[in-house]
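Below is one structure, written out as C-alpha cells, with a few remarks after it.
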Amino acid sequence: MSNNNHHNLQCGFAEDLVSYLYDEINPADKSKFEKHLDKCSTCDKELAAFGYVRSSISDWREENFSMLETPKIEIQYPEKQKTVEIIGISSQPGSFLGRLRDLFTLSPTRATVFAALLVFIGLTIVVFNFSKSTDLVEVINENEPNESLAINDTNAQITEQNPVTDEKPIIEKDQPKPDLVKENKPDIVSEPNEKKVLVPKKIAESVAAKSPKNKNIIRETRKPNETMTANQNKDTNIPEDRVTRDAPKLTNFADDEDDSLRLADLFDEVGES
Amino acid sequence: MIRNLSDEQLVELAVGENPEAFGVIVTRWERKIFALCYGMLNREDEARDAAQETFIAAYKNLAKFRGDAKVSSWLHRIAVNQCLTTKRKNKSRSENYLDDESNEQQRVFIAPAHLSPARKTEQNERLLLIRQAVKALPVDLRQVVIMKEFEEMTFQEISESLELPLSTIKSRLYTALKQLRLKLEKSPIEVI
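The listed protein sequences correspond, in order, to chains Y and S.
The first sequence begins at 1011 in our numbering and counts up by one.
The second sequence begins at 438 in our numbering and counts up by one.
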C-alpha cells in the first residue's frame, strides 16, 4: 500500500493517511501507519486538518442535504409499456378483471391471427363473388372457320363442328334462359356449322357489345352441377321438348307431388291426338 | 424477484421494454445521484432537475449502454455531465442577473438551536466556506469528494464506478482535501 503513496506527502504515507481517515485501511497497514504517526508530525497535522475539512463537509451535508427528500423521478415510458405495467398489476392470480383485460388485450400473436383471419374472409368473399359472376354462357360462333373468336378465355371449352354458316349474328342474352341439363343426349341447342364455346357471361357480353361483327349467339347456361326443375321452367317460354326433367324417385312417391312425365300420360296424349 | 437482480441484469430487462426493471435501477440509485448533483451544484432545485434529467437520459440511451461498463459508473458519468451542463447554463444566465457568488453570500444557513449566537454565526460561515471551497475544486476532484462524503461510497465502489485504479481515487481525494484545507486556512475562521 505504501508504495503507491502520493508524492505530495514526502514521507510517502498519503494514501494510507486517506485510508486511515475514512477507516478503510487493513489492520496491518493501520498498525504501520499509527507507528508512523508517532514519529511524523507532518502526517499528524495533516490528519487533523483533513479531519476538520471532513467534519465541515459532513456538517454541510447534515445541515443542508440530509433533510432533503429524494426527488421523485418521473420517466415518461412509452404508451405500450405503460399498458403492460397496468396489466401486470391487475393481472394477479384469481383477478377476474385482470383475466378479462388479458382476454381483450391485443397481443402481437393475437393481432397476427386476427389479421390473417380477416384476409382469409376477404379472399373467400372475392372468390365467391367471382365464381357467381362467371356463370357460363354458351357462345355460338357462326363466322368463317378461320375467323377467330374474339373471346380468349383459358377456361373456355371449344367444341368445333361444321365450319360455315350464313346466319346473321343473334344475341339471345335477354332471352328466356334455356337452362339445360345435359344427360348424354345430343346437344339440342347446337346448330350445324357453328363453334360453341362456354365462357363467362360478363366476358361474352362485353365482347358482344364491343365487336358486333362477331357473329356470336350467346345463350346462358349454368354450371353442370346446377339443376332446374320442370316447375321452375313453367314460368319461362322454353319449348317443352327442350326441357329435361328429373327422373321420379321410387321412394316417397306421391301423385300430387309428381310432375314428371309418365308413360301413362304419354299414352293419354297419344290417344287424344 | 426482480429487485435482487444486479444493475446490469436490470438494464438488460429494461432494454427488453420492461419499465419495472428500470424503475428498480432508479430506486436503487436516485438518492446517490441526487447527492452527487447536490454536491456538484450546491443548489437543491438544480440538483433535483439534474437528477431527473440524468435518469431520463439514461433511459433514453439504454440501448447504447455498453455491457463492459458498470451501470453505476455510467449513471455517475451522465450525472456529472448533466451537472456541468447545468453550470454552463447558470453561468450564461448569471451574466444577465446576479452573480452566483453574491447569492451564496445572501443565503442564510440555519445553525443548530443549541449553539450560542456567536457559534451559530461561526457555523454558518464555516458551512458557506466549505461549500464555496468544494465548488471551486476541479470537477474530477470534486466528484471524488462528493461521492465519498455525500454518497458515502467506499474507495472500492468509487474506483469501480469511475473505472479508475484505487490508488488514483485515494490520490485524488488526498489532493482535494489538501486544497480544501488551504481554502479554509485562508478564511478568517480559524482552522485548528
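For each residue, glycine too, the CB sits at the ideal point set by N, CA and C.
Just so it is clear, the structure is predicted and the values come from calculations on it, not from any experiment.
Counted within 10 angstroms of its Cβ, other Cβ atoms place residue i as buried (16 or more) or exposed
i                    : result
serine 1065/Y        : exposed
leucine 599/S        : buried
alanine 1274/Y       : exposed
isoleucine 439/S     : exposed
lysine 497/S         : exposed
threonine 1134/Y     : exposed
valine 586/S         : Here residue 586/S turns out to be glutamate, not valine, going by the sequence shown. That one is buried.
phenylalanine 1277/Y : exposed
lysine 1233/Y        : Any reading at lysine 1233/Y needs caution, since the residue's pLDDT is 48, under 50, leaving its predicted position unreliable; the model's value is listed next. Label assigned to lysine 1233/Y: exposed.
isoleucine 470/S     : buried
isoleucine 595/S     : buried
serine 509/S         : buried
isoleucine 1131/Y    : exposed
valine 1136/Y        : exposed
threonine 491/S      : buried
glycine 460/S        : buried
valine 1129/Y        : exposed
lysine 1020/Y        : One point to set straight first is that residue 1020/Y is glutamine, not lysine, in the sequence displayed. Label assigned to glutamine 1020/Y: exposed.
asparagine 479/S     : buried
arginine 568/S       : buried
valine 582/S         : buried
glutamate 1279/Y     : exposed
valine 545/S         : Reliability fails at valine 545/S, whose pLDDT of 49 lies under 50, so the model's placement of it is uncertain and the value that follows must be treated cautiously. Burial call: exposed.
proline 1081/Y       : buried
proline 456/S        : buried
aspartate 1026/Y     : buried
lysine 501/S         : exposed
threonine 612/S      : buried
glycine 476/S        : buried
lysine 607/S         : buried
glutamate 589/S      : exposed
methionine 584/S     : buried
leucine 1127/Y       : exposed
glutamine 1086/Y     : exposed
alanine 1024/Y       : buried
threonine 1122/Y     : exposed
Listed by chain order, chain S residues near residue i by CB distance under 7 Å
i                    : result
valine 1028/Y        : Lys607, Leu610, Tyr611
phenylalanine 1075/Y : Ala472, Tyr475, Phe587
Interface partners of residue i on chain Y, CB under 7 Å
i              : result
arginine 568/S : Trp1070
leucine 614/S  : Phe1060, Val1063
leucine 617/S  : Val1063
Partner residues on chain S for residue i, Cβ-Cβ distance less than 8 Å
i                : result
glutamate 1044/Y : Within 8 Å Cβ-Cβ: nothing; glutamate 1044/Y doesn't reach chain S, min ~18 Å.
glutamine 1080/Y : For the sequence presented, residue 1080/Y should be read as threonine rather than glutamine. Going along chain S in sequence order, the residues near threonine 1080/Y (Cβ under 8 Å) are Glu467, Arg468, Phe471.
alanine 1024/Y   : Lys607, Ser608, Tyr611
Chain-ordered neighbours of residue i on chain Y, where CB pairs are closer than 8 Å
i              : result
valine 463/S   : Ile1083, Ile1085
arginine 563/S : Ser1066, Asp1069
Within chain Y, the residues that residue i reaches when beta carbons sit closer than 9 Å
i                   : result
threonine 591/S     : Tyr1032, Glu1034
leucine 636/S       : The question about residue 636/S has no answer here: the residues shown for chain S are numbered 438 through 629.
phenylalanine 459/S : Ile1085, Tyr1087
valine 642/S        : Here chain S covers residues 438 to 629 and nothing more, so residue 642/S does not appear.
valine 571/S        : Ile1067, Trp1070
leucine 663/S       : Limits of chain S in this structure are 438 at one end and 629 at the other, which puts residue 663/S out of reach.
Cβ-heavy atom distance, residue i to the ligand FMN, below 6 Å
i             : result
alanine 494/S : This structure lacks the ligand FMN; in fact it carries no ligand of any kind.
Near-chain S residues of the segment 1058–1070 of chain Y - C-beta to any C-beta below 8 Å: So the close ones are Ala1058, Ala1059, Phe1060, Tyr1062, Val1063, Arg1064, Ser1066, Ile1067, Ser1068, Asp1069, Trp1070.
Segments assigned alpha helix (DSSP H), at least 4 residues, entirely inside the segment 557–627 of chain S: 576–586, 592–599, 603–623
Short-range partners of chain Y found in the segment 599–610 of chain S, where Cβ spacing is below 8 Å: Taking 8 Å as the Cβ-Cβ cut-off against chain Y, the residues of the segment 599–610 of chain S that qualify are Ser604, Lys607, Ser608, Leu610.
Residues of the segment 482–493 of chain S with Cβ closer than 7 Å to any Cβ of chain Y, in chain order: Arg485, Ala488, Gln489, Phe492, Ile493
Segments assigned alpha helix (DSSP H), at least 4 residues, entirely inside the segment 466–532 of chain S: Qualifying alpha helix (DSSP H) stretches, in chain order: 481–497, 508–531.
Start-end ranges of the alpha helix (DSSP H) lying completely within the segment 1016–1099 of chain Y, minimum 4 residues: List check, alpha helix (DSSP H) in window: 1024–1031, 1037–1049, 1051–1070.
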